[in-house]
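Taken in sequence, the protein lines are chains A and B. Note that numbering that gives the first Met the number 0 numbers the first sequence so that position 228 is 227, with each residue one more than the last. Note that numbering that gives the first Met the number 0 numbers the second sequence so that position 77 is 76, with each residue one more than the last. Note that beta-carbon positions come from the ideal geometry of N, C-alpha and C, so glycine has one too. Keep in mind that this is a model prediction, so the values were computed, not measured.
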Amino acid sequence: MSKRQLAMVMDLNKCIGCQTCTVACKTQWTNRNGREYMYWNNVETYPGTGYPKNWMELGGGFDAAGDLQPGVIPNLEADYGVPWDYNYDALQGGASFEPNVEPTWGPNWDEDEGAGVFPQDNYFFYLPRICNHCTNPGCLSACPRDAIFKREQDGVVLVDLDRCQGYRYCIAGCPYKKIYFNPKISKSEKCILCFPRIEQGLPPACAQQCVGRIRFVGFLDDEEGQVHKLVNKYKVAIGLRTDYGTQPNVYYVPPTESPAKFDADGKIIEGSTRLPIEELEKLFGPEVHGAIKTLKAEMKKRKETGESELMDILIAYQHSDMFRLDNNYYNQVAKENGQHPLAPVDNRYIAGKHTKTGHEMKFFHGGDIKAGGHH
Amino acid sequence: MKKLTSTLLAAATIASALAADTAINALKVSGSLDKVTNTSAVWKGAKFSTVTLYPQTTIKMNDKNANELNVDAKAVKAEVAAVYNKSKIAFLIKWPDGTKSVQQSGKTDTYGDGFAVQFASNYSNPAELPYIGMGSAGRQAVIHLQKETAKTYEPNGNGNVGTQVNPNQTDLFDKDLKAFNKTVDSLGNADYERSFVGEGFRSMTEIKDGSSQSSSNMTYVKKGWAGTLSRSLKDEYVDLNAAAIPVAFAVWDGDKLGRNGLKYLTSWTAVVLKKGDDKLVNALHGKIEGDAAKGKESALANGCTGCHQMENADAPNLMGPSLTNIGGYATADYLRESLVNPSAVVVPGYNRNAHSNYAWYNIEDGKRVSTMPDHSWMEKADIDNIVAYLKTLKAEAK
Chain A
0 MSKRQLAMVM
10 DLNKCIGCQT
20 CTVACKTQWT
30 NRNGREYMYW
40 NNVETYPGTG
50 YPKNWMELGG
60 GFDAAGDLQP
70 GVIPNLEADY
80 GVPWDYNYDA
90 LQGGASFEPN
100 VEPTWGPNWD
110 EDEGAGVFPQ
120 DNYFFYLPRI
130 CNHCTNPGCL
140 SACPRDAIFK
150 REQDGVVLVD
160 LDRCQGYRYC
170 IAGCPYKKIY
180 FNPKISKSEK
190 CILCFPRIEQ
200 GLPPACAQQC
210 VGRIRFVGFL
220 DDEEGQVHKL
230 VNKYKVAIGL
240 RTDYGTQPNV
250 YYVPPTESPA
260 KFDADGKIIE
270 GSTRLPIEEL
280 EKLFGPEVHG
290 AIKTLKAEMK
300 KRKETGESEL
310 MDILIAYQHS
320 DMFRLDNNYY
330 NQVAKENGQH
340 PLAPVDNRYI
350 AGKHTKTGHE
360 MKFFHGGDIK
370 AGGHH
Chain B
0 MKKLTSTLLA
10 AATIASALAA
20 DTAINALKVS
30 GSLDKVTNTS
40 AVWKGAKFST
50 VTLYPQTTIK
60 MNDKNANELN
70 VDAKAVKAEV
80 AAVYNKSKIA
90 FLIKWPDGTK
100 SVQQSGKTDT
110 YGDGFAVQFA
120 SNYSNPAELP
130 YIGMGSAGRQ
140 AVIHLQKETA
150 KTYEPNGNGN
160 VGTQVNPNQT
170 DLFDKDLKAF
180 NKTVDSLGNA
190 DYERSFVGEG
200 FRSMTEIKDG
210 SSQSSSNMTY
220 VKKGWAGTLS
230 RSLKDEYVDL
240 NAAAIPVAFA
250 VWDGDKLGRN
260 GLKYLTSWTA
270 VVLKKGDDKL
280 VNALHGKIEG
290 DAAKGKESAL
300 ANGCTGCHQM
310 ENADAPNLMG
320 PSLTNIGGYA
330 TADYLRESLV
340 NPSAVVVPGY
350 NRNAHSNYAW
360 YNIEDGKRVS
370 TMPDHSWMEK
380 ADIDNIVAYL
390 KTLKAEAK
């Protein structure tokens, strides 16, 4: 367990599935160098196959006894989907508009399909997913190489690319399938919670760009922070599939509202709701009942009295309240450890534990770091 | 009758333990060993020895498909020759593999065939060699790895970030775009060869600073691979200028989803450079004392199976390393040491976090202390018997 833990809360009542977060992440991190197929952030339709296909059935995570479960490494074409492009250049010569590969599968292949029968009782909601930066990460436990580590200062889970040798046990071990194999560099890569932004006091790109303002970011132990209030004070934000035993640190405010069903004549069935509570229970466990109860009670309170701290938080008035990332904290940490504030990896191995000369790290500004030799 | 059967069984198991691989005799050559391939002339007079590589089953990894593919994996027989000159030593290893597997550049679930050669940094005491799986705390090993891969683009720290963008997002067209793609392509590397130094799996560090010079190749010929490695006899990690040196070999089968943690490996094998010093050869290839049948009884009586899976028929047991192939890749001295001083070598690859209820070791003063009870109270003859039994625990060859 790390000293402090950064967490994100996503309010599913407000996600409109616009994929702005997906695009923000992709353009920042994964549009190049073997990452083209990866979505460190994706928004899937639930119920649905998700990304990668049927990820909840691919194993990983821990059983009740605490043993890491075997898992499956998804196939690029069949499970993630090959990113395809079009022959824009050839159009000038009169060619017809064609994709460069025959698309057979891709993320959100079943977007907005959901479940049930239209128009009587069909339903779905959007489920945005990033790495959960777990307290007990399955990927970290699966790595025989000590290449995955959890930062002490904020619990962000990172891959040390210098140590990673591309065995991919981490992918089998992660129950959320949120760590990916980059075949171009033969190493595993994953969401880094935009730590270079975070260290400068900026939220991750996915959270900053979110048009629905559904994402809150902050330290779990920051009692003044909205993340702490949603997770610990009101207990309306719950981890996804906590039954996997990894103690995820991305929390979700479950969807509370859904329209009533229609009967065969197209009339509203009073008091019915389309979203089966069993589905929410499957995703968020039995705590979902308490969360929904609290949310409904606070909504009522707000209606009746005009007062509710919880509703004020969820309305998300100010980015400055939603994101509590004191960058002085990171500067302080860097100073205490004698590190470059932007050093992306811990120094255990970059120094070349067993080699005489260490490796060099290049930075764009602020000078290079030359790691030492034998300790 | 029962007694007769057990005596016969004992005789048979001892015979199989005795049929272990022999030492490899290295040939001294005068020619250069700088760039060696499987067709180099240096191999003409070299003598090939058979080595047996056993499926590594000590720690069960968590890839479901790979585990299913490797149930009851058989051992692999390889032919190895060694040559050396004043400054370098070279190995040629040939092993059968029905399919050529290449780790492909556009796939997430393909694995390449490969091989590795391991050296011990300190082998002055043959009874205390580094743990066969890439060394152990205080006992450093050096590994040279070659793997069949498509081009890989190692993050090289050379600061060439200008080429690390999607070509569609550059402002380049036509000729300029082609030139850009060509530059990017030239930065890829199809030769995967890497060298590592470490004291056990988890601590392995890639040697990137040029402090170890080696050259490695692998060629697929006639339903099998021929791999060569040539390296300096001496660098800052190992000194191979001795009458005999311990070497271990590993091979990977990409078709069986092999990668580290899932491979075939030999025990430490003596490579004889000069005749006259039999200490290492005897330690690694000498006669095993003890009665395997009595050892099996003793092992059962002492409750070894309470923590270890001993034979394939036994249920897997997470409390200790699986011993189903230990006779194949562990030396008799290692087995003896593990009985009388379990903390001398604590199997390094085990991740305690993956199985929180099964602590193979505890950390005391920063050192890993095995949770296995010390068996130094046992009679020497009894220990010899158990070691003889453990040496019989190994898969049959294909």
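Same chain only: Cβ atoms within 8 Å of residue i, ignoring 5 sequence neighbours per side
| i | result |
| --- | --- |
| residue 421 of chain A | Missing from the structure shown is residue 421 of chain A; chain A here goes from 0 to 374 and no further. |
| residue 176 of chain B | 166 and 169 |
| residue 245 of chain B | 118, 119, 122, 125, 128, 267, 268, 269, 270, 279 and 283 |
| residue 246 of chain A | 133, 134, 135 and 238 |
Cutoff 6 Å; reference residue i; Cβ partners in own chain excluding five residues on either side
| i | result |
| --- | --- |
| residue 99 of chain B | 219 |
| residue 347 of chain A | In this prediction, residue 347 of chain A scores a pLDDT of 44, lower than 50, which makes its location untrustworthy; the coordinate-derived value is nonetheless stated afterwards. Nothing listed; no residue qualifies. |
| residue 202 of chain A | 216 and 322 |
| residue 201 of chain B | 347 |
| residue 126 of chain A | 43 and 45 |
| residue 294 of chain B | 384, 385, 387 and 388 |
| residue 115 of chain A | 121 and 122 |
Paired residues, beta bridge with residue i - DSSP
| i | result |
| --- | --- |
| residue 187 of chain A | A:180 |
| residue 316 of chain B | BP columns for residue 316 of chain B are empty, so no partner. |
| residue 166 of chain A | DSSP, once it has assigned bridges, lists no residue as partnering residue 166 of chain A. |
| residue 400 of chain B | For residue 400 of chain B there is no data in the structure shown, the boundaries of chain B being 0 and 397. |
| residue 197 of chain A | DSSP lists no partner for residue 197 of chain A. |
| residue 102 of chain B | B:148 |
| residue 376 of chain A | An answer regarding residue 376 of chain A cannot be provided, because it is not within the stretch 0 to 374 covered by chain A. |
| residue 77 of chain B | B:50 |
| residue 354 of chain B | A:66 |
| residue 143 of chain B | B:116 and B:194 |
| residue 369 of chain B | B:360 |
| residue 138 of chain B | B:135 |
| residue 325 of chain A | DSSP output for residue 325 of chain A lists no bridge partner at all. |
| residue 83 of chain B | B:27 and B:88 |
| residue 214 of chain A | A:9 |
Contacts around residue i, its chain only, beta-carbon distance under 7 Å, and the 5 residues preceding and following it disregarded
| i | result |
| --- | --- |
| residue 182 of chain A | 33 |
| residue 396 of chain A | Nothing can be reported for residue 396 of chain A, as the shown portion of chain A is limited to 0 through 374. |
| residue 278 of chain B | 125 |
| residue 24 of chain A | 39, 40, 204 and 205 |
| residue 317 of chain B | 354 and 357 |
| residue 341 of chain B | 369, 371 and 373 |
| residue 5 of chain B | Legend: pLDDT at residue 5 of chain B = 48, less than 50; position of this residue unreliable, value from coordinates given subsequently. Excluding sequence neighbours, residue 5 of chain B sits near 292. |
Residue i burial status per 10 Å Cβ neighbour count (16 or more: buried)
| i | result |
| --- | --- |
| residue 102 of chain A | exposed |
| residue 344 of chain B | buried |
| residue 353 of chain A | Residue placement at residue 353 of chain A is flagged as unreliable, the pLDDT there being 49, under the threshold of 50; the coordinate-derived value follows with that caveat. So residue 353 of chain A counts as buried. |
| residue 297 of chain B | buried |
| residue 119 of chain A | exposed |
| residue 57 of chain B | buried |
| residue 326 of chain B | buried |
| residue 166 of chain A | buried |
| residue 376 of chain B | exposed |
| residue 315 of chain B | exposed |
| residue 38 of chain B | exposed |
| residue 73 of chain A | buried |
| residue 160 of chain B | exposed |
| residue 86 of chain A | exposed |
| residue 102 of chain B | buried |
| residue 69 of chain A | buried |
| residue 78 of chain A | buried |
(request) Examine the Cβ distances between the segment 275-287 of chain A and the segment 163-179 of chain A and report whether three or more of them are shorter than 8 Å. (result) Below 8 Å, too few C-beta pairs join the segment 275-287 of chain A and the segment 163-179 of chain A to call them touching: fewer than three.
(request) Would you mind listing the beta strand (DSSP E) stretches within the segment 225-286 of chain A that are 3+ residues and don't spill past its ends, in chain order? (result) You should have 249-252.
(request) Mind listing, in chain order, the continuous beta strand (DSSP E) runs of no fewer than 3 residues lying wholly within the segment 214-290 of chain B? (result) 223-231, 243-251 and 268-271
(message) Counting beta carbon pairs with one atom in the segment 335-342 of chain B and one in the segment 374-382 of chain B, are three or more of them shorter than 8 Å?
(response) yes
(message) Assess contact between the segment 243-254 of chain B and the segment 112-126 of chain B, defined as three or more Cβ pairs (one per stretch) separated by less than 8 Å. Is contact present?
(response) Result yes; three or more Cβ-Cβ pairs closer than 8 Å.
(request) Taking 8 Å as the threshold, find out whether the segment 41-55 of chain A comes into contact with the segment 190-197 of chain A through three or more Cβ pairs. (result) no
(request) Enumerate, from N- to C-terminal direction, the unbroken beta strand (DSSP E) stretches of 3 or more residues contained entirely within the segment 26-79 of chain A. (result) 41-45
(request) Examine the Cβ distances between the segment 227-241 of chain B and the segment 84-98 of chain B and report whether three or more of them are shorter than 8 Å. (result) With a cut-off of 8 Å, the segment 84-98 of chain B and the segment 227-241 of chain B count as touching, because enough Cβ pairs lie within range.
(message) Would you call the segment 190-206 of chain B in contact with the segment 137-151 of chain A, where contact means no fewer than 3 C-beta pairs closer than 8 Å?
(response) yes
(message) My parser needs the beta strand (DSSP E) runs of 3 or more residues fully inside the segment 119-160 of chain A; what are they?
(response) 124-128, 147-149 and 156-158
(message) Would you call the segment 47-55 of chain B in contact with the segment 101-109 of chain B, where contact means no fewer than 3 C-beta pairs closer than 8 Å?
(response) no
(request) For the segment 24-32 of chain B and the segment 76-84 of chain B, state whether three or more C-beta atom pairs, one from each stretch, are separated by less than 8 Å. (result) yes
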